[in-house]
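Asks: Top to bottom, those sequences are chains A and B.
Here my numbering is used: the first residue of the first sequence is 485, the next is one more, and so on.
Here my numbering is used: the first residue of the second sequence is 485, the next is one more, and so on.
All residues carry an ideal CB built from backbone N, CA and C; glycine is no exception.
This one's a predicted model, so the numbers in the text were calculated from it and none came from an experiment.
2 protein chains.
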Amino acid sequence: MKTITLKETAGILLGHDDYLILMHKSPDGDTIGSAYALCLALRKLGKRADTLCGDEIPPMYGYFTDKAPNEGFEPKFIISTDVASTTLLSGKAEEYKDNIDLCIDHHASNTGFAAVGYVDGKASSCAEIIKYLLDEMELEYDKDIADAIFTGICTDTGCFKYSSVSPSTHRTAAELMEQGADSTFICHLMFDCKSKSRILLEKMVLDTLEFHSNGRLAIIEVTKEMMDKSGAKECDTDGIPSMPTQIQGVKIGVTMKEKPGGEYRFSVRTNEGIDASAICAEFGGGGHHGAAGCSINKEKSQAKKEMLSVCMKILGDNI
Amino acid sequence: MKTITLKETAGILLGHDDYLILMHKSPDGDTIGSAYALCLALRKLGKRADTLCGDEIPPMYGYFTDKAPNEGFEPKFIISTDVASTTLLSGKAEEYKDNIDLCIDHHASNTGFAAVGYVDGKASSCAEIIKYLLDEMELEYDKDIADAIFTGICTDTGCFKYSSVSPSTHRTAAELMEQGADSTFICHLMFDCKSKSRILLEKMVLDTLEFHSNGRLAIIEVTKEMMDKSGAKECDTDGIPSMPTQIQGVKIGVTMKEKPGGEYRFSVRTNEGIDASAICAEFGGGGHHGAAGCSINKEKSQAKKEMLSVCMKILGDNI
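#1: Can you tell me whether residue 642(B) is buried or exposed? The criterion is at least 16 other CB atoms within 10 Å of its CB, across all chains shown.
#2: Distance cutoff 7 Å, beta carbons only. Does residue 634(A) sit that close to anything in chain B?
#3: Cβ closer than 8 Å: which chain B residues qualify as neighbours of residue 616(A)?
#4: Which of the three DSSP states, helix, strand or coil, is assigned to residue 797(A)?
#5: Looking at C-alpha atoms only, which residue of 591(B), 738(B), 572(B) and 536(B) is the closest neighbour of residue 562(B)?
#6: Relative to the alpha-carbon of residue 692(B), which residue among 683(A), 628(A) and 676(A) has its alpha-carbon at the smallest distance?
#7: Measuring alpha carbon to alpha carbon, tell me which of 633(B), 664(B), 722(B) and 705(B) ends up nearest residue 675(B).
#8: Can you give me the start and stop residues for the alpha helix (DSSP H) that residue 809(A) sits inside?
#9: Quick one: grab the DSSP three-state call for residue 611(A).
#10: Where DSSP assigns a beta bridge to residue 778(B), which residues make up the other side?
#11: Can you tell me whether DSSP reads residue 567(A) as helix, strand or coil?
#12: In whole angstroms, what is the alpha-carbon distance linking residue 571(B) and residue 666(A)?
#13: At 3 residues or longer, and completely inside the stretch 683-762 of chain B: list those beta strand (DSSP E) runs for me, N to C.
#14: Residues of the stretch 740-756 of chain B in Cβ contact with chain A at a cutoff of 8 Å, in chain order, please.
#15: For residue 585(A), which of helix, strand or coil comes out of DSSP?
#16: Taking DSSP's pairing of strands, which residues face residue 678(B) in a bridge?
#17: Could you give the first and the last residue of the continuous alpha helix (DSSP H) run that contains residue 660(B)?
#18: Near residue 802(A), which residues of its chain fall below 6 Å by C-beta distance, leaving aside the five closest residues on each side in sequence?
#19: Which residue wins for smallest C-alpha separation from residue 504(A), given the options 576(A), 547(A), 543(A) and 492(A)?
#20: Taking C-beta pairs closer than 7 Å, name the residues in chain B that residue 658(A) reaches, listed in chain order.
#21: Identify whether residue 557(A) lies in helix, strand or coil by the three-state DSSP scheme.
#22: Just the C-alpha distance for residue 700(B) and residue 509(B), rounded to the nearest angstrom, thanks.
#23: Quick one, which residues of the stretch 528-550 of chain A are near chain B if we go by CB-CB under 7 Å, in chain order?
#24: Quick one: using the 10 Å Cβ neighbour count with 16 as the cut-off for buried, is residue 717(A) buried or exposed?
#25: What did DSSP end up calling residue 575(B) once you bin it into helix, strand or coil?
#26: Could you have a look at residue 500(B) and say whether DSSP puts it in helix, strand or coil?
#27: Under a three-way DSSP split, which group does residue 533(A) fall into?
#28: For the beta strand (DSSP E) containing residue 636(B), name the first residue and the last one.
#29: Nearest chain A C-beta to residue 604(B) closer than 7 Å, yes or no?
#30: Have a look at the DSSP bridge pairing and note the partners of residue 426(A).
#31: Go ahead and pull the three-state DSSP assignment for residue 803(B).
#32: Does DSSP classify residue 549(B) as helix, strand or coil?
#33: Is it buried or exposed, residue 728(A), if we count other Cβ atoms within 10 angstroms and call 16 or more buried?
#34: Please report the residue range of the beta strand (DSSP E) in which residue 602(A) lies.
#35: Leaving out five residues before and five after residue 631(B) in sequence, what residues of the same chain have Cβ atoms less than 7 Å from its Cβ?
#36: Below 8 Å, can you find three or more Cβ-Cβ pairs linking the stretch 599-619 of chain B to the stretch 514-521 of chain B?
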């Protein structure tokens, strides 16, 4: 993948047409916000643009996703936003995996799958990059674009909490508010609004909380039975993996989630400089320094044992 | 109370000496951050300054409060920060209630108890006002002052989530980061760090969750027994009152907390424009539009019934 500058990225976008913007599977606020902001911006500049995600877009994002219904033309230029690797594409989006023209991303671990790419591993979110890109293109913002970008930034930073937040992130948030982003509505919806099912699920999950390594390692479980009993949907589990590392003294927090096929998906979160992506890499997964994931296709207790063993080794313990 | 400008406030602070800065009872990040930032700034300008709170300052704030130990001189100029009314002073701080020279606050409901006052009801926090004041005084910032102010702003805005956050709030946060505030450490400590006791307490509190008025009113309880069983301290209950309004559809969230004397303290949080301070005013309490409190000195079930009755009336229901 040829690395290009922000200015060159802007030039490319102004020079083509008929864009299709891909999002990663299990879409989050950043991939959705980035793709829709870019789509809306390109349309505003007189281009044709659509978005595509292999999985369903959660309806909670409707306040901006409803503003850009797909038009269904034949795409000529394929872009991906917030996609670190083509293994993260699913469904119809996966069909484009070998033909991506431009990749815009903030994962330092980006595998370089596109023809050209702008990757800034220091940006708080892909949406923050989209803001700088639209500024470079001298876009005149409207509320929907500002809402989409604000959503990407605030969801990917835990509402301006994570170490990825820079002074520029806060200044960008200030500008987006002035450009019409309804920050109060967005922050409330994304962070202070839990369904009754989610509350019930949290209670059940907390009942599985286990500590290891003198309280430095904590693990929780989300089972199919809990999902059924609580009535929780997939999107109700957002944020659950952050629960163990929120407990005082915990350095590694592991969430094991039962998938439909019986496989276990592990989410690892870390504090104080421990590399979560290195832990998940042991099982073929990856992610960021403080948040990563992997799957272990083994029987539950064996999968759990193997994950705990790797975590304990990193903490300098024996099993 | 004579209302003065920010410039006049700066002039007064530059013109006096031997300052004592009062905080409100049950001190939170904003009153503590504001008082200590001002104290540290005045000392940096060559003045003598101390802080005083009637209640204990939670040790979690030690990263900046430890930097300004009291010097114990005879104070000549009394300031209050983030104190809306002298009824919010306790212990030794209460002794100064009729002799406060300068009040700096962001509560629109401030009762005007001081000789002169600078009150900006639109500021996100008292700490945000302190930042503008120190800028006006052309202070050269250091890490401790930046940490103290950042703490006040982020704690009083739920980490940049509430409607009180303006573009200026985000720009102020950006500047404080550049002036040395360790925003990642502070946000983690204030929002992502729960004691094991707190986690246990949350589980017990969720077991008491009750809905009324078709899910638009939710109430939770915190009893002395739960506090004992979980081992939670007073500071472990911070944020508990926000739990009910985080549930989808809830417009009024009530938390009733048993006090040592058997009295019940009610915290009311509201969504979508319902005035929490009006609800609490019915029982002699007060606060902000979205967050208020009051005490009802009656037997538990009667106190609860009266509170729910007022809330239901506001929601347009019968009991």
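Replies: Let me lay it out:
#1: buried
#2: no
#3: Here the premise fails: no neighbours, minimum Cβ distance about 15 Å.
#4: The answer is helix: DSSP assigns residue 797(A) an H, G or I state.
#5: 536(B)
#6: 683(A)
#7: 722(B)
#8: Any property of residue 809(A) remains undetermined from this structure, which presents chain A solely from 485 to 803.
#9: helix
#10: Under the DSSP definition of a beta bridge, residue 778(B) partners with 750(B).
#11: coil
#12: 36 Å
#13: 694-696, 701-706, 736-742 and 748-754
#14: 755
#15: Note: residue 585(A) maps to coil in three-state DSSP.
#16: 731(A)
#17: 651-662
#18: For residue 802(A), the predicted model reports a pLDDT of 49, less than 50, meaning its position is unreliable and no value from the coordinates is stated.
#19: 576(A)
#20: Close partners of residue 658(A) in chain B (Cβ separation under 7 Å): 651, 654 and 655.
#21: Three-state DSSP puts residue 557(A) in coil, outside helix and strand.
#22: 31 Å
#23: none
#24: Label assigned to residue 717(A): exposed.
#25: helix
#26: coil
#27: strand
#28: Looking at the DSSP string, residue 636(B) is not in any beta strand (DSSP E); the run it does join, the alpha helix (DSSP H), is 627-640.
#29: no
#30: Past the edges of chain A, shown from 485 to 803, lies residue 426(A), and the structure says nothing about it.
#31: Reliability fails at residue 803(B), whose pLDDT of 46 lies under 50, so the model's placement of it is uncertain and the value that follows must be treated cautiously. In the structure shown, the three-state DSSP call for residue 803(B) is coil.
#32: helix
#33: buried
#34: Element bounds for residue 602(A): 600-603.
#35: Result list for residue 631(B): 547, 548, 665, 666 and 670, in chain order.
#36: yes
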